[in-house]
Amino acid sequence: MSAIRCRLPFLVIFLEGILLVLIALFVTYDEHSDAAAQSNETDHKHNQLYAIFPVFQDVQVMIFVGFGLLMGFLKKYGYGGIAFNFLIAVFSVQWALLVQGWFYHFHHGHIHIGVYNLLTAETACATVMISFGAVLGKTSPVQILILSLLEVPIFTATEWIIMELLKIKDVGGSITIHLFACYFGLSVTTVLYRPGLKGGHKDEGADYNSDKLAMLGTLLLWVFWPSFNSVFASSGHGQHRAVLHTYIGLSSCTLTTFAISSLLDKRGKINIAHIQNAALAGGVAVGSAADMMVTPAGAFTLGCIASVLCTVGFKYLTPFLAKRLKIQDVCGINNLHGIPGFVGAIAGIVTILLAADESYGHGLYDTFPERVPKEGDRKLAELVRLLPQLKPGGGRSAWDQAQYQAAAIGVCLGIAVLGGTVTGFILKLPFLAQPKDEYCFNDDPYFEVPEVEEKEEFEFTNKSNANNNQRLKLPV
Amino acid sequence: MSAIRCRLPFLVIFLEGILLVLIALFVTYDEHSDAAAQSNETDHKHNQLYAIFPVFQDVQVMIFVGFGLLMGFLKKYGYGGIAFNFLIAVFSVQWALLVQGWFYHFHHGHIHIGVYNLLTAETACATVMISFGAVLGKTSPVQILILSLLEVPIFTATEWIIMELLKIKDVGGSITIHLFACYFGLSVTTVLYRPGLKGGHKDEGADYNSDKLAMLGTLLLWVFWPSFNSVFASSGHGQHRAVLHTYIGLSSCTLTTFAISSLLDKRGKINIAHIQNAALAGGVAVGSAADMMVTPAGAFTLGCIASVLCTVGFKYLTPFLAKRLKIQDVCGINNLHGIPGFVGAIAGIVTILLAADESYGHGLYDTFPERVPKEGDRKLAELVRLLPQLKPGGGRSAWDQAQYQAAAIGVCLGIAVLGGTVTGFILKLPFLAQPKDEYCFNDDPYFEVPEVEEKEEFEFTNKSNANNNQRLKLPV
Amino acid sequence: MSAIRCRLPFLVIFLEGILLVLIALFVTYDEHSDAAAQSNETDHKHNQLYAIFPVFQDVQVMIFVGFGLLMGFLKKYGYGGIAFNFLIAVFSVQWALLVQGWFYHFHHGHIHIGVYNLLTAETACATVMISFGAVLGKTSPVQILILSLLEVPIFTATEWIIMELLKIKDVGGSITIHLFACYFGLSVTTVLYRPGLKGGHKDEGADYNSDKLAMLGTLLLWVFWPSFNSVFASSGHGQHRAVLHTYIGLSSCTLTTFAISSLLDKRGKINIAHIQNAALAGGVAVGSAADMMVTPAGAFTLGCIASVLCTVGFKYLTPFLAKRLKIQDVCGINNLHGIPGFVGAIAGIVTILLAADESYGHGLYDTFPERVPKEGDRKLAELVRLLPQLKPGGGRSAWDQAQYQAAAIGVCLGIAVLGGTVTGFILKLPFLAQPKDEYCFNDDPYFEVPEVEEKEEFEFTNKSNANNNQRLKLPV
């Protein structure tokens, strides 16, 4: 594996050099973090930090701990799952700070950053991690760093088109994050198809302890998902509904998963991997409609639908895709992010069309800024008398908004598949140290794994000692 | 186990159908989550969400992660402990949203909900989980779902009587949550007595890794317990004291536990199970008095008392109850919730009687709303001049309040034992798939457990491979 | 080990007795937690609790969960690492409440406490835990309790001198916490040198599962480190920058660690222990300058430098110190806290000297209160016209401030080495039950370890059963 030795360090050092130069050239403080931006009127209690920091920390736990443990479910790839998730997360956040900065926060030649930028950078980061799930254990750290390097700007551009041009509603990212990340990742893994793994791989599975740790990851993601779905909703009732709907969706989804997983097994046994994944599908499915008046029953229903499709997907669709369509989806991201992403995207459109404007009252324009009449429209003048702080919008009807949402799905899928395919071919470049089939799903090529030391130790210790060791170690 | 197959899924689907119908019929948004309830004067920064969300998330971590890992301490029932805790948590929260809604938030035929309702629902949820601890590993998922279905309304009714009629002080739930849940659970397990487990069971124990994960659960519960004890205290100094007292009580309790656990062992060895449980007893013991002027030294003392009783309980009382009284208490909830619950309940009464009104100053009426003079009382008029925002109360003396607290303990125990006994007999109904003794404390009947796959794999791989496998897996 | 039996419980009970007496004699509520301190004007929403509680909880997770899991990395000392960390944490917090109270919050014969005191107590607690890392597994619980008993007051006195007399800037504690704790701990372990461990110890290592749990500890510390570095910065832009710089420093540090760790291994394999530790070095290195205008690129650079030095330190310096200088540093605190502490201390000085006053604008005096002109100085009068709320300071120049920072490093190291050495000799006292070499890094002397029960069980179960047991347990 000297391949790794020469490649990973130099790629990382190279990437860091670039990051440092770009940060030094472009990045400066925003008005909330810049000491010089404070006037003698500034009330420090109202610094933006305090409005977003607690939720930011929740999302941090999801990205670094929740995703990390969930990625560490493989019995012999636990270090890789947890540590490489960590690796691409820190790289993606820094890279996204720059790329998103150029798109959204570039003024007079500088990117102005504060904690809000770290928060948005984590959406890019989450996108990379979801895609990573498709190729977990089949790719070298060099490959996944390149994956991050390419996916972050493609994601940011796509999000910019969808949010700035099409101006759609997607607070939970069902479309911009989950659909994009899933089909980008599936395209990558399709290009990286390994015939040698067609019959499965002896290490492609969990053991009792890795499964419990992965379950812990799921629980952390589950608990903090309402923070993730609400953080980008409009403050007040918008965020309140986003939390409520996400929680209800996740609950009904989790409950359903136990039923379906047991129902799909001939002995009625629950597959813990279904719980680990499908219990989260509800969070994806309520993403787009999270802050709309989807009603509690609506959120409940979305959770149930997402769970059924996700669990059935794990049982039948993933093996089918692997065998027939040569799509080897290690973590089953199509089931957790793809299908529920579609459910969420469609739910958003349906909610826009079915929820009467009356049900929103004055809150309509907080929730749908594009529904506000255009500059100069007579209706705007009337509204402003009622809601003085109202800003002119796009004068869209519900039907207009629904069409833009639909268009966004198409744009998102198109770019994801195209971008993922190109990325996949780049990852095949020989010097990226793609591991041989027999080395897949194993930490050994990348990490010093304790067992090895054990073995050496055995040679030096006398047998009784070894036995003693062994007996004591058995249940460890 | 085809019993499971036909029963669990259909029960879950049936329960979900009912939940969906009831939610669709009854549940709507409250003024904080309803877009239509917003006026042009609404300041979104003051939405109730922001006042409770961070603490709500802390409680979420306790319920789903802390309890889950602690329930997963059995060496072969890790999936069951963690996943079934998850199962009953999501069901109980949704069911409690409805039941508590009918009791507390029912207006014009609708239950109005926001994040506050999710928070109160979690108290019902915690109650179910505590009771679950008594029958952990001895009951099928079907049984524990029925347990939740029955305990949530019985708990809610009891709490309503105690809080709305007797109007007692119990911010940390020493009485309403811990005493109730404990004696409800012990009554259930007494009815479900298994003579076959009299001599113990080979799987009723932890291994090195399950103990470390359970310890992690304890640490999370420990860290967030101050949030749990303070969230229902009056805002300001009341919540501040609740945090302080809970923290001090937990600290002294933890320290004491190390001493007592070592002292009780002939070789002076510490029992990690004592640390996992008794370290939390202090949080239960300061529950009722958490926001009163119990003094830091008082909180410290409560922690010490709770720890001693809890640890001694694990060492001597639990085996005694199992042998003599046929009460098989798997997690020892009587030691962690029952006895410390009594300590907390009595501490509340003692504090009410001993803490002079002067020590509360103006804060007296924030802490004891029932101490405010009755409507029309001359004293009220005088007080209102000082504290304009004061509302009429029950005109209770400290002695009156103490008597109501004592009455609440009786009511709580009576309903808990009666309700638990009835529930126990219902759980014995043959079609609830109660596992045979030999299947207790084992995931195998309910989950696909990796080991099984391992075995199959061995058959297909050549011996050298298997050995290789084995050697590599040893310390895993 | 009856030594433990008689010593640990009695020491703990003795310490608790003293704590209780002192708390009863001295500790009372502060104005935020005292009911009697509330006037009818008090706005409960502005109780100090709400400003610090969320960040306090983040720090709680670091201290109890993050540190605990990281200390549990040894394969046979998992209970000890996690539980003894818990033991000294609860003792140190209570002891620090008193000691810091006497130094900082002592009025009219009473120590006035609120949640803020718990927060500051945790800095003392963190200091003890860092030092504990140097002697992990080589000391009895009796010894580490004595260590805590001695280190807390020495730390508090040192911090008082540095903060109250020298008035330096060190929001993240690079000097007061990390440098002090490291050299105190190294001095202790030097005095406790064990020739018998010169050749290493068969149990001084991790296994696959303990490493994954330690990695989880690292991730939690990583995620919440920005809270730790920002909580003592001035509110508003100061805390905002502290979060931003810490996050950037941690990210660049983590990325670098993957490169260096791989580069230092002949096969290019990553050492997971490097990731567990060096990924955090950036948090230490930005500590002193965290709230200064160090610039994002500056924070990025500090992270890289800290990572390189820390990783190289683990690879070459730690073995060297153990062999040549008889400094056996079990957790390598010199690499994670010592060297990065120096980087942070120097970075603070450099930033003070290089960052122009203009770059701070009006924020200069929030960040450097000592830079405000002295009482009576004409400049002060002018400034007060601009910034009415400004309080007189020390009239220091940047150069003055830099010199005070340098002096603080010296003071800190001097007291740490002296105090640590004395503490070390006290810990050598025979009745403190220091474990024999062969018992090091093993839970067996202190805890009932499941394996033992297993063994007994084997005797009672028939062979087939035992095998069956064994086969099922293998991958556990």
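As you go down the protein sequences, you meet chains A, B and C in turn. In this text, residue positions in the first sequence follow full-length UniProt numbering: the first is 1, and each later residue adds one. In this text, residue positions in the second sequence follow full-length UniProt numbering: the first is 1, and each later residue adds one. In this text, residue positions in the third sequence follow full-length UniProt numbering: the first is 1, and each later residue adds one. In this text, a Cβ means the ideal position worked out from N, Cα and C, and glycines have one as well. Because the structure is a prediction, the values reported are computed rather than measured.
**OP:** Mind checking who C:Ile270 pairs with in its DSSP beta bridge?
**Re:** When DSSP reads this structure, C:Ile270 sits in a beta bridge with A:Phe447.
Subject >> Contact list for C:Leu166 against chain B, beta-carbon separation under 9 angstroms >> reply: Identification of chain B residues near C:Leu166 by a Cβ-Cβ cut-off of 9 angstroms yields none; the smallest Cβ-Cβ distance measures about 31 angstroms.
**OP:** Could you tell me the boundaries of the alpha helix (DSSP H) in which A:Thr28 lies?
**Re:** Annotation for A:Thr28: no alpha helix (DSSP H) segment contains it, though the beta strand (DSSP E) segment containing it runs Val27 to Tyr29.
Original post:
Looking at C-alpha atoms only, which residue of A:Glu375, A:Val55, A:Gly80 and A:Val90 is the closest neighbour of A:Phe64?
Top reply: Considering only alpha carbons, the answer is A:Val90.
Original post:
Residue range of the beta strand (DSSP E) that A:His110 falls in?
Top reply: First-last of the beta strand (DSSP E) with A:His110: His110 to Ile113.
Original post:
What do you get for C:Ile18, buried or exposed, if any count of 16 or more other CB atoms within 10 angstroms of its CB means buried?
Top reply: Residue burial annotation: C:Ile18 is exposed, with fewer than 16 other C-beta atoms found within 10 angstroms of its C-beta.
Original post:
How about the segment 285 to 292 of chain C and the segment 268 to 277 of chain C: do they share at least three Cβ pairs that are nearer than 8 angstroms?
Top reply: At 8 angstroms Cβ cutoff, the stretches do not touch.
Subject >> Residue(s) in a DSSP beta bridge with C:Glu106 >> reply: The question names Glu, but residue 106 of chain C in the sequence shown is Phe. Answer is C:Ile111.
Subject >> First through last residue of the alpha helix (DSSP H) which encompasses B:Val142 >> reply: Counting along the chain, the alpha helix (DSSP H) containing B:Val142 begins and ends at Pro141 to Trp160.
Original post:
What number of angstroms, rounded off, separates the C-alpha of A:Met163 from the C-alpha of B:Val27?
Top reply: As the crow flies, the alpha-carbon of A:Met163 is around 33 angstroms from that of B:Val27.
Original post:
Taking the Cβ atom as the reference point for each residue, do B:Leu136 and B:Cys331 lie within a distance shorter than 8 angstroms?
Top reply: It is a contact, given that the beta carbons lie within the stated cut-off.
Original post:
Measuring CA to CA, which of B:Ile426, B:Thr42 and B:Cys412 is closest to B:Ala157?
Top reply: With distances taken between Cα atoms, B:Ala157 lies closest to B:Cys412.
**OP:** With 9 angstroms as the limit, tell me which residues of the segment 191 to 213 of chain A have their beta carbon closer than that to any beta carbon of chain C; keep them in chain order.
**Re:** Those residues of the segment 191 to 213 of chain A that come within reach of chain C (Cβ to Cβ, closer than 9 angstroms) are Asp207, Tyr208, Asn209, Ser210 and Leu213.
Original post:
Which residues in chain C sit within 9 angstroms of A:Leu8, going by Cβ to Cβ distance?
Top reply: The contacting residues are Phe258, Ala259, Ser262, Leu263, Gly268 and Ile270.
**OP:** Could you work out which residue in C:Ile248, C:Lys391 and C:Asp366 is closest to C:Asp377 when comparing CA atoms only?
**Re:** Closest by alpha carbon: C:Lys391.
Original post:
Got a sec: is the Cβ-Cβ distance from A:Leu380 to anything in chain B below 8 angstroms?
Top reply: When Cβ-Cβ separations below 8 angstroms define contact, A:Leu380 makes no contact with chain B.
Subject >> Contacting residues, own chain, Cβ-Cβ under 7 angstroms from A:Val99 (five flanking each side not counted) >> reply: Excluding residues within five positions, the ones whose Cβ falls inside 7 angstroms are Val152, Pro153 and Thr156.
Subject >> Rounded straight-line distance, which links the Cα of B:Leu353 to that of B:Leu221 >> reply: Each residue's Cα considered, the two are about 31 angstroms apart.
Original post:
Going by Cα to Cα distance, which pick from B:Ser131, B:His362, B:Ser252 and B:Thr351 is closest to B:Thr423?
Top reply: With distances taken between Cα atoms, B:Thr423 lies closest to B:Ser131.
**OP:** Go ahead and label B:Val115 buried or exposed: buried means 16 or more other beta carbons lie within 10 angstroms of its beta carbon, across all protein chains shown.
**Re:** Buried, by the Cβ-count rule.
Original post:
Mind listing which residues of the segment 66 to 77 of chain B have their C-beta closer than 8 angstroms to chain A's C-betas, in chain order?
Top reply: Against chain A - using a Cβ distance shorter than 8 angstroms - the residues of the segment 66 to 77 of chain B are Gly68, Leu69, Gly72 and Lys75.
**OP:** Output the distance between the C-alpha atoms of B:Ser235 and B:Pro340, rounded to the nearest integer angstrom.
**Re:** Their Cα atoms are separated by approximately 26 angstroms.
**OP:** Would you mind telling me which residues of chain A sit closer than 8 angstroms to C:Pro319, beta carbon to beta carbon, in chain order?
**Re:** Against chain A, a Cβ distance below 8 angstroms from C:Pro319 picks out nothing, because the smallest value is about 15 angstroms.
**OP:** Quick one: list the residues of chain A neighbouring C:Gln239, beta-carbon separation under 7 angstroms, in chain order.
**Re:** Residues of chain A with a Cβ closer than 7 angstroms to the Cβ of C:Gln239 are, in chain order, Leu49.
Subject >> From A:Lys76, A:Val55, A:Ile111 and A:Lys167, residue whose alpha carbon lies closest to that of A:Leu119 >> reply: Nearest neighbour of A:Leu119 by Cα position, chosen from A:Lys76, A:Val55, A:Ile111 and A:Lys167, turns out to be A:Val55.
Original post:
B:Gly313 versus chain C: which residues are under 9 angstroms apart at the beta carbon?
Top reply: Simply none; closest approach about 17 angstroms.
Original post:
Mind pulling the chain B residues with CB within less than 9 angstroms of A:Val115?
Top reply: Going along chain B, no residue has its Cβ under 9 angstroms from A:Val115, so there is no contact; the nearest lies around 16 angstroms.
Original post:
With a Cβ-Cβ cutoff of 8 angstroms, do C:Ile82 and C:Leu69 count as a contact?
Top reply: Cβ atoms of C:Ile82 and C:Leu69: closer than 8 angstroms.
Original post:
Beta carbon of C:Cys125, beta carbon of C:Gly338: below 8 angstroms?
Top reply: Not a contact, by the Cβ cut-off of 8 angstroms.
Subject >> Whole-angstrom distance between B:Phe10 and A:Ser251, CA atom to CA atom >> reply: The alpha-carbon atoms of A:Ser251 and B:Phe10 are separated by roughly 17 angstroms.
**OP:** Count the CB pairs spanning the segment 71 to 82 of chain C and the segment 203 to 210 of chain C that are closer than 8 angstroms, and state whether there are at least three.
**Re:** The answer is yes - the segment 203 to 210 of chain C touches the segment 71 to 82 of chain C, with three or more Cβ pairs under 8 angstroms.
Original post:
Which residue from A:Leu429, A:Leu20, A:Gly303 and A:Arg267 puts its Cα closest to that of A:Gly249?
Top reply: Nearest C-alpha to A:Gly249: A:Gly303.
**OP:** Go through its chain and collect everything with a Cβ distance to A:Arg7's Cβ below 6 angstroms, but skip five positions before and after it.
**Re:** The answer, listed in chain order, is Val142 and Ala433.
Original post:
With distances taken between CB atoms, is the gap from A:Ser210 to A:Gly72 smaller than 8 angstroms?
Top reply: Yes, the Cβ-Cβ distance between A:Ser210 and A:Gly72 is below 8 angstroms.
Subject >> Of the residues A:Ala398, A:Gly361, A:Leu387 and A:Gly348, the one placed nearest A:Arg371, counting alpha carbons only >> reply: Looking from the CA of A:Arg371, the closest CA among A:Ala398, A:Gly361, A:Leu387 and A:Gly348 belongs to A:Ala398.
Subject >> Nonlocal neighbours in the same chain, by C-beta distance under 7 angstroms from B:Ile144, ignoring five residues either side >> reply: Cβ neighbours of B:Ile144 beyond the five flanking positions: Phe84, Ile88 and Phe132.
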